[in-house]
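Peer 1: In our numbering, each number is its position in the sequence shown, counted from 1, plus 2.
Below you'll find the structure I mean.
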Amino acid sequence: MKRRNFLSAFGALGAGVAVNTIAMPSAWAADPTNYKRLLVLIELKGANDGLNTLVPYADPAYAALRPTLQIKRDQVLPLSDRFALHPALEPLMPLWKSGEMAAIMGLGYPQPNLSHFRSIEIWDTGSKSNEYLSEGWLARAFDSVAPPKAFLADGVAIGGGDLGPMAHAKRALSIASTDAFLRQAKLADPHGRAYNRALQHILRLEGDAQFASQQLKPKTDWKTEFPTHNLGQQVKTAMQVVSASQGVAAVHISVGSFDTHSGQLGTQQSLLKQLAESVVAIKQASEELGRWRDTLAVTYCEFGRRARENASGGTDHGTANVQFAFGGSVKGGFKGEHPSLTQLAGDNNFIYTADYRNLYATILRDWWNLPTASVDSVLGARYASLGFV
Numbered sequence: 003m004k005r006r007n008f009l010s011a012f013g014a015l016g017a018g019v020a021v022n023t024i025a026m027p028s029a030w031a032a033d034p035t036n037y038k039r040l041l042v043l044i045e046l047k048g049a050n051d052g053l054n055t056l057v058p059y060a061d062p063a064y065a066a067l068r069p070t071l072q073i074k075r076d077q078v079l080p081l082s083d084r085f086a087l088h089p090a091l092e093p094l095m096p097l098w099k100s101g102e103m104a105a106i107m108g109l110g111y112p113q114p115n116l117s118h119f120r121s122i123e124i125w126d127t128g129s130k131s132n133e134y135l136s137e138g139w140l141a142r143a144f145d146s147v148a149p150p151k152a153f154l155a156d157g158v159a160i161g162g163g164d165l166g167p168m169a170h171a172k173r174a175l176s177i178a179s180t181d182a183f184l185r186q187a188k189l190a191d192p193h194g195r196a197y198n199r200a201l202q203h204i205l206r207l208e209g210d211a212q213f214a215s216q217q218l219k220p221k222t223d224w225k226t227e228f229p230t231h232n233l234g235q236q237v238k239t240a241m242q243v244v245s246a247s248q249g250v251a252a253v254h255i256s257v258g259s260f261d262t263h264s265g266q267l268g269t270q271q272s273l274l275k276q277l278a279e280s281v282v283a284i285k286q287a288s289e290e291l292g293r294w295r296d297t298l299a300v301t302y303c304e305f306g307r308r309a310r311e312n313a314s315g316g317t318d319h320g321t322a323n324v325q326f327a328f329g330g331s332v333k334g335g336f337k338g339e340h341p342s343l344t345q346l347a348g349d350n351n352f353i354y355t356a357d358y359r360n361l362y363a364t365i366l367r368d369w370w371n372l373p374t375a376s377v378d379s380v381l382g383a384r385y386a387s388l389g390f391v
């Protein structure tokens with residue numbers, strides 16, 4: 003197999019092991035608790051409409067902003083006297099009631115960019131709106147405090163796409179499925195020699211792939227019933243990776259597109275149903291592995307949707323948004339402050355109430371127990387925790 007084709011077969015693997023070029027301090031010594039708990043990042047591609055996901059059903063401004071797109075009061079799933087969930091998220095209600103689900107409100111950043119490409123780049127790299135970084139925020143974290151070398155990989159992106167927040171991590175893989183990965187890894191030749199740096203890099207990729215494949219023995223006797231849709235199958239692959247190796251710090255899965263400029267009601271209904279079913283599968287599979295208390299699943303996307311509906315039965319690109327955290331150790335409930343529905347920015351967008359990097363700081367510092375100095379270096383400043391773990 004030609005090495006060019008080998009790299010292509012692994013999707014973003016080549017990008018995943020590129021050398022980090024951002025200047026970082028010397029790596030801190032890894033604590034025994036670092037990365038022993040799993041992070042599952044769920045990207046809601048295209049940007050989910052948070053206002054119709056966590057519904058402020060008691061606020062009269064909501065009905066005024068959404069005369070045709072509002073979720074009716076007799077349809078929502080009340081969480082409090084102010085907020086409710088979209089009815090498609092009904093499978094998540096037991097998690098909310100057990101305190102294993104948190105709604106993190108008002109996430110955004112200064113001078114928001116409403117381009118899909120640029121804004122997801124900002125979220126993936128943990129950068130400012132006017133700052134251009136090539137390394138993902140997780141890649142910088144792994145470079146600062148390295149996960150155990152015995153791990154299958156530092157991080158794995160499921161679906162064969164780009165690595166997102168793990169871009170340019172030294173030990174990150176992008177795989178479509180465990181079966182495909184194992185087939186392709188057998189074709190690697192890690193024993194070659196090269197004096198050219200580029201070829202040395204490719205040989206190292208092949209060695210990493212074979213190392214990973216030797217660890218990966220996927221579990222096949224699942225009691226968990228994984229949904230048959232694409233996101234559900236990504237969850238299955240992710241949990242196979244988690245179950246069949248010495249460990250992995252993070253996995254990335256995605257669903258979408260939520261870019262609902264028109265026909266929003268039906269599209270969002272379907273995608274949120276897939277999200278809810280997949281989160282339930284993560285819980286069930288993690289419990290089956292005895293790891294639910296050591297698993298944190300977090301949603302994210304490039305931005306929210308505009309407060310007011312448009313004339314095409316949809317919503318346009320917006321700013322501040324709600325994200326969710328799930329897990330056996332999550333401190334459930336509402337976190338942060340919901341943006342005002344009446345005091346909007348000049349373009350009729352929400353004004354964010356918490357920086358999205360507060361979300362990342364909570365993961366790095368509170369979930370993975372990374373040193374505060376390391377977290378500050380990774381994110382470029384000190385960001386307070388949001389209290390969901």
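Glycine included, C-beta positions come from ideal geometry on N, C-alpha and C.
Beta-carbon separation of Pro320 and Ala313 under 9 Å?
Peer 2: Note that residue 320 corresponds to Gly in the displayed sequence, not to Pro. No, the Cβ-Cβ distance between Gly320 and Ala313 is not below 9 Å.
Peer 1: Exposed or buried, Gln325, counting other C-beta atoms within 10 Å across all chains shown (16 or more means buried)?
Peer 2: buried
Peer 1: Less than 8 Å between the CB atoms is what I'm expecting for Ala299 and Gly329, so what's the real figure, rounded?
Peer 2: Indeed they touch by this definition, with Cβ atoms about 6 Å apart.
Peer 1: Please report how far the alpha carbon of Pro69 lies from the alpha carbon of Lys172, in whole angstroms.
Peer 2: Pro69 and Lys172 have their C-alpha atoms some 49 Å from each other.
Peer 1: Go through its chain and collect everything with a Cβ distance to Thr226's Cβ below 7 Å, but skip five positions before and after it.
Peer 2: Ala283, Gln286, Ala287 and Glu290
Peer 1: Which residues in the same chain have their Cβ closer than 7 Å to the Cβ of Ala359, if we skip the five residues on either side of it in sequence?
Peer 2: What sits at residue 359 in the sequence shown is Arg, not Ala. Answer for Arg359: Gly128, Leu381 and Tyr385, listed in chain order.
Peer 1: In angstroms with no decimal places, state the Cα-to-Cα distance between His118 and His263.
Peer 2: 13 Å
Peer 1: Give, in chain order, every unbroken run of the alpha helix (DSSP H) that is at least 4 residues long and sits entirely within the stretch 47-130.
Peer 2: 62-67, 95-99 and 118-127
Peer 1: Would Leu46 and Tyr302 qualify as a contact pair, given that the criterion is a beta-carbon distance under 9 Å?
Peer 2: Yes. Within cutoff.
Peer 1: Which same chain residues end up closer than 7 Å to Ile122 when comparing Cβ atoms and leaving out the 5 residues on each side of it in sequence?
Peer 2: Glu304
Peer 1: Count the other C-beta atoms from every protein chain shown that fall within 10 angstroms of the C-beta of Ser272, then say buried if there are 16 or more, exposed otherwise.
Peer 2: Burial call: exposed.
Peer 1: Would you say the beta carbon of Gly389 comes nearer than 8 Å to a heavy atom of the ligand NAP?
Peer 2: Ligands in the displayed structure: none, and consequently the ligand NAP is not present.
Peer 1: Could you give the DSSP three-state label for Glu45: helix, strand or coil?
Peer 2: Reduced to three states, the DSSP call for Glu45 is strand.
Peer 1: DSSP state of Arg307, grouped into three classes?
Peer 2: When DSSP states are grouped into helix, strand and coil, Arg307 belongs to the strand group.
Peer 1: Given Leu201, which residues of its chain have a CB within under 7 Å of its CB, disregarding the five upstream and five downstream residues?
Peer 2: For Leu201, the predicted model reports a pLDDT of 38, less than 50, meaning its position is unreliable; a value from the coordinates is still stated below. Here the set comprises nothing.
Peer 1: Can you look up Ser176 in the DSSP assignment and give me helix, strand or coil?
Peer 2: DSSP, read as helix, strand or coil, puts Ser176 in strand.
Peer 1: Between the stretch 93-103 and the stretch 339-348, are three or more C-beta pairs nearer than 8 Å?
Peer 2: No: the two stretches stay apart, fewer than three of their Cβ pairs being nearer than 8 Å.
Peer 1: Which runs of the beta strand (DSSP E), 3 residues or longer, sit entirely within the stretch 314-379?
Peer 2: 323-328 and 335-337
Peer 1: Compute the Euclidean distance between the alpha carbons of His231 and Asp51, then round it to the nearest angstrom.
Peer 2: 21 Å
Peer 1: With a threshold of 7 Å on Cβ separation, who are the neighbours of Lys4 within its own chain once the five nearest residues in sequence on each side are excluded?
Peer 2: Summary for Lys4: the model assigns pLDDT 41, below 50, so the residue's position carries little reliability; its value from the coordinates is reported in the next sentence. Correct list: empty, nothing qualifies.
Peer 1: Can you grab the Cα-Cα spacing for the pair Tyr354 / Arg307, in whole Å?
Peer 2: Taking the straight line joining both Cα atoms gives about 12 Å.
Peer 1: Looking at the strands, I want to know which residues DSSP matches up with Val257.
Peer 2: Leu46
Peer 1: Would you say Ser280 and Gly315 are within 9 Å of each other, going by their C-beta atoms?
Peer 2: no
Peer 1: Quick check: Val391 and Ala252, are their CB atoms within less than 9 Å of each other?
Peer 2: It is not a contact, given that the beta carbons lie outside the stated cut-off.
Peer 1: Excluding the five sequence neighbours on either side, which residues of its own chain have a C-beta within less than 6 Å of the C-beta of Ser245, listed in chain order?
Peer 2: Cβ contact annotation for Ser245 (same chain, cutoff 6 Å, sequence separation greater than five): Lys221 and Leu291, in chain order.
Peer 1: Indicate whether Ala356 and Ile44 have their beta-carbon atoms separated by less than 9 Å.
Peer 2: At least 9 Å separates the beta-carbon of Ala356 from that of Ile44.
Peer 1: Provide the residue span of the beta strand (DSSP E) that contains Thr297, from first to last.
Peer 2: It spans Thr297 to Tyr302 - the beta strand (DSSP E) in which Thr297 sits, taken as one unbroken run.
Peer 1: Cα separation between Leu274 and Ile255?
Peer 2: C-alpha separation (whole angstroms): 15 Å.
Peer 1: Closest by CA to Pro58, which one among Lys74, Ala49 and Trp369?
Peer 2: Lys74
Peer 1: Can you give me the Cβ contacts of Thr374 inside the same chain, cut-off strictly under 7 Å, excluding the 5 residues immediately before and after it?
Peer 2: Arg367
Peer 1: Helix, strand or coil: how does DSSP classify Leu267 here?
Peer 2: helix
Peer 1: Looking only at C-alpha atoms, which of Val257, Asn351 and Trp125 sits nearest to Thr317?
Peer 2: Asn351
Peer 1: Just reading off the beta strand (DSSP E) that Val158 is part of, what are its end residues?
Peer 2: Ala155 to Ile160
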